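If you want this note's numbering, it's the 1-based position in the sequence shown plus 178. Heads up, the beta-carbon is just placed ideally off N, CA and C, and yes, glycines get one too. Since the model is a prediction, treat every value here as computed from it, not as a measurement. Take a look at the structure below.
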Amino acid sequence: MAKADYYETLGVARTADDKDLKSAFRKLAMKFHPDKNPDDSEAERKFKEINEAYETLKDPQKRAAYDRYGHAAFEHGGMGNGAGAGFGGGGFSDIFEDIFGEMMGGGRGRQRSSGGRERGADLRYNMEISLEESFTGKTAQIRVPTSITCDVCSGSGAKPGTQPKACSTCQGSGRVRAAQGFFSIERTCPTCHGRGTIIPDPCTKCHGQGRVTEERSLSVNIPAGIEDGTRIRLQGEGEAGARGGPAGDLYIFLSVKPHEFFQRDGADLYCAVPISMTTAALGGTFDVATLDGTKSRVSVPEGTQAGKQFRLKSKGMPVLRSSQTGDLYIQIQIETPQKLTKRQRELLQEFEQISSKENNPESTGFFARMKDFFDTLSD
Ligand SMILES: [Zn+2]
Ligand SMILES: [Zn+2]
179 MAKADYYETL
189 GVARTADDKD
199 LKSAFRKLAM
209 KFHPDKNPDD
219 SEAERKFKEI
229 NEAYETLKDP
239 QKRAAYDRYG
249 HAAFEHGGMG
259 NGAGAGFGGG
269 GFSDIFEDIF
279 GEMMGGGRGR
289 QRSSGGRERG
299 ADLRYNMEIS
309 LEESFTGKTA
319 QIRVPTSITC
329 DVCSGSGAKP
339 GTQPKACSTC
349 QGSGRVRAAQ
359 GFFSIERTCP
369 TCHGRGTIIP
379 DPCTKCHGQG
389 RVTEERSLSV
399 NIPAGIEDGT
409 RIRLQGEGEA
419 GARGGPAGDL
429 YIFLSVKPHE
439 FFQRDGADLY
449 CAVPISMTTA
459 ALGGTFDVAT
469 LDGTKSRVSV
479 PEGTQAGKQF
489 RLKSKGMPVL
499 RSSQTGDLYI
509 QIQIETPQKL
519 TKRQRELLQE
529 FEQISSKENN
539 PESTGFFARM
549 KDFFDTLSD
């Protein structure tokens with residue numbers, strides 16, 4: 179069954195502030211409190227949901243994570259919140275598990291199986307490439323600081339030749355019950371942290387963790403045409419699981435650096451080219467370098483206006499995993515001459531005097547229509 183949205187559970191808007199959250203929580207918690215609804219499993223379930231929703235939303239970090247990833251943010255091996263360049267490992271789950279474990283009375287414990295095997299956290303790696311690299315594609319070597327299964331104890335955490343023992347506090351169940359007020363609360367066992375086992379003789383290399391931190395070198399294939407914001411998932415390349423559990427995944431978050439000359443829109447590229455006023459008026463040619471390492475010659479006919487686009491077919495970006503290529507659009511900008519000499523000024527003034535309406539139909543027409551418009555207003 180899909181989990182209910184936390185905001186809906188509390189009956190608040192997504193923009194609710196701390197005060198709204200608190201008052202909504204208090205009202206609902208009073209209503210569904212187990213003390214008031216003895217032997218009502220539906221109310222108990224509701225109470226747990228309200229608690230969980232509030233615990234998440236009252237914490238700005240968790241709330242941000244929830245807004246971004248939804249419930250997936252808190253599932254085991256959830257995304258690490260990678261900050262800046264390089265790594266943000268760890269998954270939210272480890273931090274939040276304890277809180278939820280306590281609150282929920284075991285409603286959402288760790289994903290455990292015998293021996294406390296846990297899936298490793300997913301890792302996030304931020305990678306920035308240039309537009310040229312996106313054009314050609316590349317194989318990138320990355321160094322991944324991650325925890326891997328300890329080779330001395332093969333991930334069990336116990337010194338070779340010894341065995342983990344059942345926890346005596348919880349008799350191996352991983353949970354303990356404690357009376358609190360009128361009802362009893364089940365909580366994560368404080369001795370074994372819910373694993374059900376303790377390691378009396380820990381492995382000396384990993385100190386009983388079953389995994390050690392190491393830097394691995396990975397080669398990542400970046401396909402040609404990859405776009406900014408793409409996420410590449412490398413299954414099983416995340417953190418090793420604890421005590422022999424499965425490894426998490428590694429996510430490469432790819433960003434493409436802005437380019438000096440080209441802006442990208444899907445597979446098409448755009449290049450703004452400033453040309454002189456005289457080139458625009460008389461016509462001319464110029465060369466543009468394209469990402470395939472060649473040059474393309476662009477002919478500008480006489481009377482070219484600003485904003486005019488010329489298409490260079492198949493000079494754009496490759497389309498991911500296909501043989502197609504986008505186009506390159508040259509967008510004409512016209513540069514008005516500055517710092518005129520006396521002679522240039524005279525020539526332009528003379529040019530102005532002998533110009534006719536036909537030379538500038540747009541501006542002539544525009545000002546004529548504007549005058550008409552003004553006349554209708556002042557009539
Ligand atoms: Zn070990
Ligand atoms: Zn225990």
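Rounded separation between Gln289 and Lys473 - CA only: To locate residue 289, count along the sequence shown from 1; it is residue 111. To locate residue 473, count along the sequence shown from 1; it is residue 295. Its pLDDT being 41, under 50, Gln289 is placed unreliably by the model, and the measurement read from it follows with that caveat. Each residue's alpha carbon lies about 58 Å from the other.
Other residues of its chain near Thr468: CB distance less than 8 Å, five sequence neighbours each side excluded: Numbered from 1 along the sequence shown, position 290 holds the residue referred to as residue 468. Contacts found: Ser474, Leu490, Lys493, Leu506.
Span of the beta strand (DSSP E) around Gly558: Nothing can be reported for residue 558: it is not among the residues displayed for the chain, which extend from 179 to 557.
C-alpha gap between Leu199 and Tyr244, whole angstroms: Against the sequence shown, residue 199 aligns to sequence position 21. Against the sequence shown, residue 244 aligns to sequence position 66. Distance between the alpha carbons of Leu199 and Tyr244 is about 15 Å.
Residue of Phe440, Gly350, Ala242 minimising C-alpha distance to Ala194: Stepping through the sequence shown from its first residue, residue 194 is reached at position 16. The residue with the shortest Cα to Cα distance from Ala194 is Ala242.
Near ligand 2: Gly352 beta-carbon under 7 Å from a heavy atom: As a first step, residue 352 is located in the sequence shown; it is residue number 174 there, counting from the start. Answer for Gly352: yes, Cβ within range of ligand 2.
Below-8 Å beta-carbon distance, Ala445 vs any chain C residue: The displayed structure is made up of one protein chain only, and chain C is not part of it.
Cβ distance (whole Å) where Ala402 is taken to contact Pro496 below 8 Å: Reading the sequence shown from its first residue, position 224 is the one you call residue 402. Reading the sequence shown from its first residue, position 318 is the one you call residue 496. At roughly 5 Å, the Cβ-Cβ gap stays under 8 Å, so Ala402 and Pro496 are in contact.
Rounded C-alpha distance that separates Ala425 from Ser477: Within the sequence shown, the letter at position 247 stands for residue 425. Within the sequence shown, the letter at position 299 stands for residue 477. C-alpha separation (whole angstroms): 58 Å.
Reduced DSSP secondary structure (H/G/I, E/B, other) of Ile453: For the purposes of this step, residue 453 is taken as the residue at position 275 of the sequence shown. In the structure shown, Ile453 sits in a strand (DSSP, three-state: E or B).
Through-space distance from Ile228 to Ala207, alpha-carbon basis: Translated into positions along the sequence shown, residue 207 becomes position 29. Translated into positions along the sequence shown, residue 228 becomes position 50. One C-alpha to the other measures close to 7 Å.
Residue burial classification, Arg373 (beta-carbon count within 10 angstroms, cutoff 16): Locating residue 373 in the sequence shown gives position 195, where the first residue counts as 1. So Arg373 ends up on the buried side.
Distance between Asp196 and Lys383 (C-alpha atoms, nearest Å): Walking along the sequence shown from the start, residue 383 turns up at place 205. Walking along the sequence shown from the start, residue 196 turns up at place 18. Those two C-alpha atoms are separated by around 45 Å.
CB of Ser395 within 8 Å of CB of Gln319, strictly: What you label residue 395 is simply residue 217 of the sequence shown in a count that begins at 1. What you label residue 319 is simply residue 141 of the sequence shown in a count that begins at 1. With contacts defined as CB atoms closer than 8 Å, Ser395 and Gln319 qualify as a contacting pair.
Distance, Phe361 Cα to Thr218 Cα: The sequence position of residue 218 within the sequence shown is 40, counting from 1. The sequence position of residue 361 within the sequence shown is 183, counting from 1. Checking the sequence shown, residue 218 turns out to be Asp, not Thr. Going from the Cα of Asp218 to the Cα of Phe361 covers about 13 Å.
For Asn153, the three-state DSSP class (helix, strand or coil): Any property of residue 153 remains undetermined from this structure, which presents the chain solely from 179 to 557.
Pairwise C-alpha distance: Glu540 and Met548: Counted from its first residue, the sequence shown places residue 548 at position 370. Counted from its first residue, the sequence shown places residue 540 at position 362. Rounded to whole angstroms, the gap between the alpha carbons of Met548 and Glu540 is 12 Å.
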